[in-house]
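Comments concern the structure below.
Number of protein chains: 2
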Amino acid sequence: MPKSTFFRLPEERRARFVHEAIVEFADRTYAEASLSQIARRASIPKGSVYQYFEDKLDLYRWLLTEEAPRLKRAFVGKPSVEGDFWSRLEDFVERGMAFLVEHPRLARLSAAAADPTANPEVRGLHKSICEAGIQELRAVLEAGAESGALHASDLDVATRFVATIIGPGLTDVVLQELGAELHEVLASDSLRKRLGPKRRRALARQAVDFIRTGLGSAKPERRKEA
Amino acid sequence: MPKSTFFRLPEERRARFVHEAIVEFADRTYAEASLSQIARRASIPKGSVYQYFEDKLDLYRWLLTEEAPRLKRAFVGKPSVEGDFWSRLEDFVERGMAFLVEHPRLARLSAAAADPTANPEVRGLHKSICEAGIQELRAVLEAGAESGALHASDLDVATRFVATIIGPGLTDVVLQELGAELHEVLASDSLRKRLGPKRRRALARQAVDFIRTGLGSAKPERRKEA
DNA sequence: TCGGCATGCGACCGACCAGTCATATGACCG
DNA sequence: CGGTCATATGACTGGTCGGTCGCATGCCGA
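If you're matching them up, the sequences are chains Y and G in order.
If you count by this note's numbering, then the first sequence holds residues 736 to 961, one letter each, in order.
If you count by this note's numbering, then the second sequence holds residues 736 to 961, one letter each, in order.
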């Protein structure tokens with residue numbers, strides 16, 4: 736948790752610091768990321784950083800568990816309740832992809848929970864975040880199973896497969912689509928112009944189709960256009 | 736590339752060094768891994784390391800592109816050409832899982848290519864390894880498509896989805912299955928006793944079923960037992 | 001005006017690292 | 001024996017880091 740001083744900071748100073756922290760932690764590993772660097776870039780003396788946070792991990796934890804989720808929620812909004820299970824899932828995936836495109840750095844920060852690291856404390860943090868995400872997705876799929884839309888002999892396993900598809904899998908596909916590397920993407924604030932809603936929708940549909948019907952059978956006729 | 740001295744080393748010294756290097760790079764990020772640590776643990780003076788390799792990256796590259804693939808090839812053997820496309824894929828997946836279980840550290844080292852990093856040289860190395868893996872898998876799937884077993888509107892996208900399933904996805908599932916964390920697993924030489932061939936086969940089948948039929952339709956009758 | 005308190009600040013500390021280098025060792029050769 | 005060459009060795013350099021500390025600053029209430 737940030738110290739109280741942090742919340743009493745002049746808005747501009749805090750915003751600048753948080754921005755630079757996100758930039759740093761988004762394009763470097765926890766181990767590689769440097770408080771000194773953040774402080775330098777935000778033009779804030781290093782000593783001050785320790786007035787705001789206990790230590791490096793405290794800042795990282797706050798970003799990962801509070802700030803990034805808050806900003807993501809604000810962007811993604813409430814999950815849709817319209818339509819059948821599969822189109823709801825498609826919406827969900829499309830929203831996630833939109834977040835990735837519009838806020839690459841935040842998306843990368845959110846995804847950092849999957850990064851490996853030798854630091855046990857960071858590992859614990861990452862794990863709890865991953866597990867929460869998995870549980871959330873599991874609940875979604877459970878509902879799908881109850882509605883009869885989805886059939887899985889082992890829902891835990893299925894959940895993890897689906898999670899890797901709509902997480903790293905889709906990210907990989909999007910990067911491929913853009914012909915860019917993660918790091919080029921992190922340098923830009925938004926990729927709006929390079930991957931519009933239409934194409935996103937198409938990719939989301941491809942992902943959901945994959946999850947729904949796999950690759951083993953000829954595709955049924957396309958579902959209604961969005 | 737290692738320097739020529741490296742290849743002239745007494746077998747025991749080289750083996751010990753390589754072993755400790757694998758241990759170090761398998762459970763830490765490239766940035767976190769330390770040559771000093773490797774040298775200490777192998778009881779080899781640090782200066783000597785630089786008689787064998789140009790620098791840290793040189794060692795890492797050799798491990799990732801030469802040593803790990805060599806050991807992996809030796810373990811997994813030639814891909815099977817028996818049976819239909821889907822059962823061949825299942826074999827392929829099962830072999831990969833067996834490697835993960837029998838040689839967790841080597842598997843982790845091989846998977847390190849997906850790790851993020853701020854170091855551009857390491858990034859380039861990782862990328863080329865990933866890309867090679869994708870191409871290999873793509874060729875497999877292409878054959879499946881030609882044989883009519885597999886249908887994908889966009890094979891590139893499909894390949895990337897499949898890759899994440901049988902890579903991180905399966906690893907995740909296996910860890911879940913073992914109720915262990917990656918780091919606990921890296922501490923042990925082999926998990927033979929905790930995840931035998933039968934269970935592996937079942938998991939491989941689940942993964943391939945997922946890829947083949949997805950989650951949207953009731954499962955067809957089980958294919959023949961292995 | 002003064003005192004005290006929150007905060008700003010940056011030099012400093014100890015740790016660790018990648019990589020170098022001068023010196024030492026010892027095998028082989030003439 | 002002397003010389004040379006590959007190799008071993010570990011102290012050392014320069015750098016970065018996370019984190020601390022003591023002084024400086026400036027606001028607020030009396």
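The C-beta atom is built at its ideal place from N, Cα and C for all residues, glycine as well.
Small disclaimer: the values here were computed from a predicted structure and weren't measured.
DSSP three-state assignment for residue i, whether helix, strand or coil
| i | result |
| --- | --- |
| F788 (chain Y) | coil |
| S822 (chain G) | helix |
| K807 (chain Y) | helix |
| S769 (chain G) | coil |
| R830 (chain Y) | helix |
| R743 (chain Y) | coil |
| A915 (chain Y) | coil |
| L938 (chain G) | helix |
| K933 (chain G) | helix |
| G868 (chain G) | helix |
| S923 (chain Y) | coil |
| E755 (chain G) | helix |
| H861 (chain Y) | helix |
| G949 (chain G) | coil |
| W776 (chain G) | Note on residue identity: the sequence assigns Arg, not Trp, to residue 776 (chain G). Here R776 (chain G) sits in helix by DSSP. |
Residue i versus residue j: straight-line alpha-carbon distance, rounded
| i | j | result |
| --- | --- | --- |
| T948 (chain G) | C865 (chain G) | 26 Å |
| A853 (chain Y) | T764 (chain G) | 7 Å |
| A884 (chain Y) | R830 (chain Y) | 21 Å |
| V897 (chain Y) | R748 (chain G) | 45 Å |
| L938 (chain G) | D907 (chain G) | 12 Å |
| H754 (chain Y) | L913 (chain Y) | 25 Å |
| L770 (chain G) | I773 (chain Y) | 27 Å |
| R743 (chain G) | I901 (chain G) | 39 Å |
| K959 (chain Y) | R940 (chain Y) | Because the pLDDT of K959 (chain Y) is 42, which lies under 50, any placement of that residue in the model is unreliable, and the question is left without a value. |
| H963 (chain Y) | S952 (chain G) | Nothing about residue 963 (chain Y) can be reported from this structure: the residues present for chain Y run from 736 to 961 only. |
| G931 (chain G) | P814 (chain G) | 20 Å |
| L844 (chain Y) | F760 (chain Y) | 7 Å |
| I946 (chain Y) | R936 (chain Y) | 15 Å |
| K791 (chain Y) | R775 (chain Y) | 15 Å |
| S822 (chain Y) | A942 (chain G) | 24 Å |
| D793 (chain Y) | S739 (chain Y) | 13 Å |
| R858 (chain Y) | E919 (chain G) | 12 Å |
| A961 (chain Y) | D944 (chain Y) | For A961 (chain Y), the predicted structure reports a pLDDT of 36, less than 50, and the residue's modelled location is therefore unreliable. A value from the coordinates is still provided. If I take the Cα positions, the gap works out to 14 Å. |
| V909 (chain G) | V892 (chain Y) | 9 Å |
| S923 (chain Y) | F788 (chain Y) | 28 Å |
| V828 (chain Y) | S778 (chain G) | 51 Å |
| R751 (chain G) | A842 (chain Y) | 41 Å |
Closest residue to residue i among the options (Cα-Cα distance)
| i | options | result |
| --- | --- | --- |
| D762 (chain Y) | Y:A846, Y:L806, Y:A880 and Y:L872 | Y:A846 |
| G818 (chain G) | G:A874, G:Q772 and G:D826 | G:D826 |
| F834 (chain G) | G:G812, G:P851, G:L824 and G:A922 | G:G812 |
| L895 (chain Y) | Y:Q870, Y:G782 and Y:S863 | A small fix is needed here, since residue 895 (chain Y) is Arg in this sequence, not Leu. With distances taken between Cα atoms, R895 (chain Y) lies closest to Y:Q870. |
| S863 (chain Y) | Y:A874, Y:L926, Y:R796 and Y:S783 | Y:R796 |
| M832 (chain G) | G:L794, G:R927 and G:F788 | G:R927 |
| P882 (chain Y) | Y:H918, Y:F820 and Y:E801 | Per the sequence presented here, residue 882 (chain Y) reads as Ser, with Pro not at that position. Nearest option by C-alpha distance: Y:F820. |
| A915 (chain G) | G:V836, G:A880, G:K807 and G:D889 | G:V836 |
| A878 (chain G) | G:L824, G:R808, G:A768 and G:K933 | G:L824 |
| P855 (chain Y) | G:E767, G:P745, G:A750 and G:F741 | G:E767 |
| V875 (chain Y) | Y:K933, Y:L950, Y:V816 and Y:A750 | Y:V816 |
| L917 (chain Y) | G:R873, G:L917, G:H861 and G:P780 | G:H861 |
Whole-number beta carbon distance between residue j and residue i, since they are thought to touch under 8 Å
| i | j | result |
| --- | --- | --- |
| A756 (chain G) | L798 (chain G) | 6 Å |
| G904 (chain Y) | T899 (chain G) | 4 Å |
| V784 (chain Y) | R840 (chain Y) | The Cβ separation is near 20 Å, so there is no contact. |
| A968 (chain G) | L890 (chain G) | This structure does not reach residue 968 (chain G), given that chain G is present from 736 up to 961, and the question cannot be answered. |
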